[in-house]
Amino acid sequence: MAKGTPMRSATSTDGHVREPLLEIRGLSVDYGIDDPVHAVVDVDLTIHRGEVVGLAGESGSGKSTLAYAVTRLLRDPGMITAGDAYFYDWPKGSYREDGDSLAPGAEANGVRRAEPAIVDLLSDDREAVRRVRWSEIAVVFQSALHALNPVLRVGRLLDDVLRYHEHGMSRQQRQARAAELLQLVGISPDRLRSYPHELSGGMRQRVMIALALALWPSLLIMDEPTTALDVVIQREILEEIMQLRQRFGFSVLFITHDLSLLIEIADTIAVMYAGRLVEQAPAKALFHAPRHPYTYGLTRSFPSLHGEKRVMNGIEGSPPDLRRVPSGCSFHPRCAWAMPECAATLPPMAELRDVSGTRSALCWLQDGQHRVPPELAVTPPALGSAAARPNMRGGSTAGPVRDDVAAAEEVPGHDR
Ligand code: SF4
C-alpha cells in the first residue's frame, strides 16, 4: 500500500473480520533540531476495533512519545519528522463484541454498519483532531495526581467534559451521568464532592478512567496507568478496565514497561527498543515463543510465583543513550547472538507466519537466511487455542498476575 493511503478495507485473519481503528505508518519523532534525539523511528502499528494492544519497552524506548505524537499532544521540542497516523471514526454502536463487524449494508441488533470517516491525525487541522480526541480517542495519563486539576472537585471535572462536548445535556443529566461514570469505575457517587487530594492513588486513577470514558470513546490510550499503585490495587483496576472493555467494546492501547502485565490483558503486544518497534505478535505467542533476542531477554527478567527461587539473569548492559544509538541493530551491544552484520546494517522487519498467526521481528536471525537458535524458534500456542487467549477477559477467569510464567516453564525449549 502506498504511503499516505489509509488502509480502508478490512483485513481478515482468524476467520474474524478485523477492521482498523488506528493505523500508524512509518512514524518518526525527534526531540530538538540541532543534534536531535530520535525518540521514535519508523514505527508501523495498527490497532483494530475491539482489540487490546500492549506497547512494552524500557523507559526511554519511545512508547509514550508515540502516544503523544498520534494524539497531537506532543510538546516542544518534540517534532514529528515522518509518517502517517489515521483514525477510523466508525459510527458509535456499530461494533459487536464477538469481533465480527456487520457486513456492509446489513443490520444486527438494529445497528446499521456504515463506513468510517477517516481522520488524518497528523495532517488534518487541529480542530478536526480535537473533535475526535476525548470523544473517540481518550488518554489516561501516568500520574493521576498531576493530571487532575487539584482545585476542582471530581464532579466539576466530569461536568466540564460533558458540558464542553455534550451540548444537548441538561445540568441534571450531566450530574446523573457523572454519578454513573463514578459507579462504573467502582467509586461511590458521593465522591463527586471530593477534591483529588482527598482520594487514594487508586481512586484518583479510577477518576481518570471515568473521565476518559465520559464520552464513550472507541479507543482508550493508557500510558502506564497503574505504575504508581500497589499490585493489589493495580490488579483491581486492570480487571475493571477489562470488564468495561468487554461491556462497551472499546479498543485499548496499553503502554507499560511491565511485559508480564500485558500477557494477561493484551491480544497483541508490540515491543519497542531505542525508538524502534522490534517485535510484534499475538500476546501469548510473544511471551511463550519470542522471536527477537530483546523480547526473549524481557521474558526472562521477571520471577515466577511458582516453583523454586531462581536467579534472574535480566539483559546484560543498559539501554542506549538515544543521542548515540549503536549502528546497525541498536541492540547488538547487548545481544547474545550478535553477528558481524548486526553492527553494520539495520536488519529488515521480518514478517513471519506460524500457528499463532502473523507476527514480525526486526532481527537478522529471522530473515530466512540464518540458522535460528532454538530459544527463538519455540512453537507458540496455536491461534484460537485456550492457551493463546488473554486471561483477563471480563476479569472473571483471571488467575494471579504472572501465572503465565509458570505455564511458560512447561513450554519445550523455553529455558528459564
Ligand atoms: Fe541480535 Fe543481530 Fe538480531 Fe540485533 S539483529 S537482535 S544484534 S541477532
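Just so we're aligned: 325 in the working numbering is position 325 of the sequence shown, and the numbers increase by one with no gaps anywhere.
The C-beta atom is built at its ideal place from N, Cα and C for all residues, glycine as well.
For clarity, every value in this text was computed on a predicted model and none was experimentally measured.
With respect to the beta strand (DSSP E) encompassing residue i, which residues constitute its N-terminal and C-terminal limits?
i, result
"Gly287", "Note on residue identity: the sequence assigns Phe, not Gly, to residue 287. Looking at the DSSP string, Phe287 is not in any beta strand (DSSP E); the run it does join, the alpha helix (DSSP H), is Ala283 to His288."
"Glu341", "From DSSP, Glu341 is part of no beta strand (DSSP E) but of the alpha helix (DSSP H) over Pro340 to Ala344."
"Leu253", "Ser251 to Thr256"
"Leu45", "Val37 to His48"
"Ala336", "Here Ala336 belongs to no beta strand (DSSP E), and DSSP marks it neither H nor E."
How many angstroms separate the CA atom of residue i from the CA atom of residue j?
i, j, result
"Ala106", "Glu19", "Below a pLDDT of 50, predicted positions are generally treated as unreliable, and Ala106, at 49, falls in that range; the measurement from the model is reported next regardless. So the two alpha carbons sit approximately 16 Å from each other."
"Arg276", "Ser61", "8 Å"
"Phe248", "Lys284", "24 Å"
"Tyr86", "Leu262", "24 Å"
"Ser327", "Ser135", "42 Å"
"Leu322", "Gly168", "48 Å"
"Pro104", "Asp84", "Any reading at Pro104 needs caution, since the residue's pLDDT is 44, under 50, leaving its predicted position unreliable; the model's value is listed next. When rounded, the distance between both Cα atoms is 27 Å."
"Lys92", "Ile24", "22 Å"
"Leu74", "Ser64", "10 Å"
"Val154", "Glu166", "18 Å"
"Tyr164", "Leu181", "17 Å"
"Gly314", "Ser260", "14 Å"
"Gly202", "Asp223", "15 Å"
"Val278", "Ala117", "31 Å"
"Tyr296", "Pro290", "6 Å"
"Thr71", "Arg300", "33 Å"
"Ala377", "Met312", "22 Å"
"Ala178", "His288", "42 Å"
"Thr430", "Leu121", "No answer is possible for residue 430: the residues shown for the chain start at 1 and end at 416."
"Arg156", "Arg171", "11 Å"
"Thr345", "Val355", "30 Å"
"Gln183", "Thr268", "29 Å"
"His146", "Arg371", "50 Å"
"Gly357", "Glu51", "15 Å"
"Glu115", "Tyr88", "9 Å"
"Asp258", "Ser59", "11 Å"
"Val161", "Thr379", "48 Å"
"Met242", "Val231", "16 Å"
"Ser101", "Ala67", "The predicted position of Ser101 is uncertain, since its pLDDT is 49 and thus under 50; a value taken from the coordinates is nonetheless stated next. Taking the straight line joining both Cα atoms gives about 26 Å."
"Val53", "Arg130", "23 Å"
"Asp159", "Ala176", "10 Å"
"Ser188", "Ile237", "15 Å"
"Gly317", "His332", "11 Å"
"Leu383", "Ala266", "14 Å"
"Pro225", "Ile137", "16 Å"
"Pro36", "Gly57", "21 Å"
"Tyr273", "Lys309", "29 Å"
"Ala212", "Arg204", "12 Å"
Report the CB separation of residue i from residue j in whole angstroms; it is logged as a contact under 8 Å.
i, j, result
"Leu253", "Ile221", "5 Å"
"Val185", "Ala210", "5 Å"
"Pro374", "Cys363", "That belief does not hold up - the Cβ atoms of Pro374 and Cys363 are roughly 15 Å apart, past 8 Å."
"Arg49", "Trp90", "7 Å"
"Pro293", "Trp337", "6 Å"
"Gln280", "Arg359", "6 Å"
"Pro320", "Ser330", "6 Å"
"His38", "Val271", "No, His38 and Val271 are not in contact; Cβ-Cβ is about 18 Å, not under 8 Å."
"Leu352", "Gln369", "Not really, about 14 Å apart at Cβ, beyond 8 Å."
"Ser251", "Ile47", "5 Å"
"Leu219", "Leu21", "6 Å"
Identify the continuous alpha helix (DSSP H) that holds residue i and give its terminal residues.
i, result
"Met208", "Gly201 to Leu213"
"Arg156", "Val154 to His165"
"Arg25", "Careful: Arg25 lies outside any alpha helix (DSSP H), inside the beta strand (DSSP E) at Pro20 to Tyr31."
"Phe87", "First-last for Phe87: Gly78 to Asp89, but that is the beta strand (DSSP E), not the alpha helix (DSSP H)."
"Val132", "Arg126 to Val132"
"Glu180", "Arg171 to Leu184"
"Lys63", "Lys63 to Val70"
"Arg291", "Run containing Arg291: none; DSSP gives neither H nor E here."
"Arg235", "Val231 to Phe248"
Indicate, with yes or no, if ligand 3 has a heavy atom lying under 7 Å from the CB of residue i.
i, result
"Phe302", "Ligands in the displayed structure: ligand 1; ligand 3 is not one of them."
According to DSSP, what are the bridge partners of residue i?
i, result
"Ser360", "Gln280 and Glu351"
"Leu55", "Ile255 and Ala270"
"Val140", "Met222"
"Ala117", "Asp89"
message = Across the stretch 149-162 and the stretch 191-200, are there enough close Cβ pairs to call them in contact, namely three or more that are closer than 8 Å?
response = The stretch 149-162 is in contact with the stretch 191-200.
message = Closer than 8 Å is the cut-off here; do at least three beta carbon pairs connect the stretch 42-59 with the stretch 128-146?
response = With a cut-off of 8 Å, the stretch 128-146 and the stretch 42-59 do not count as touching, because too few Cβ pairs lie within range.
* Asked: Do the stretch 69-80 and the stretch 27-37 touch if we need at least three Cβ pairs shorter than 8 Å?
  -> Output reads yes: the stretch 27-37 touches the stretch 69-80.
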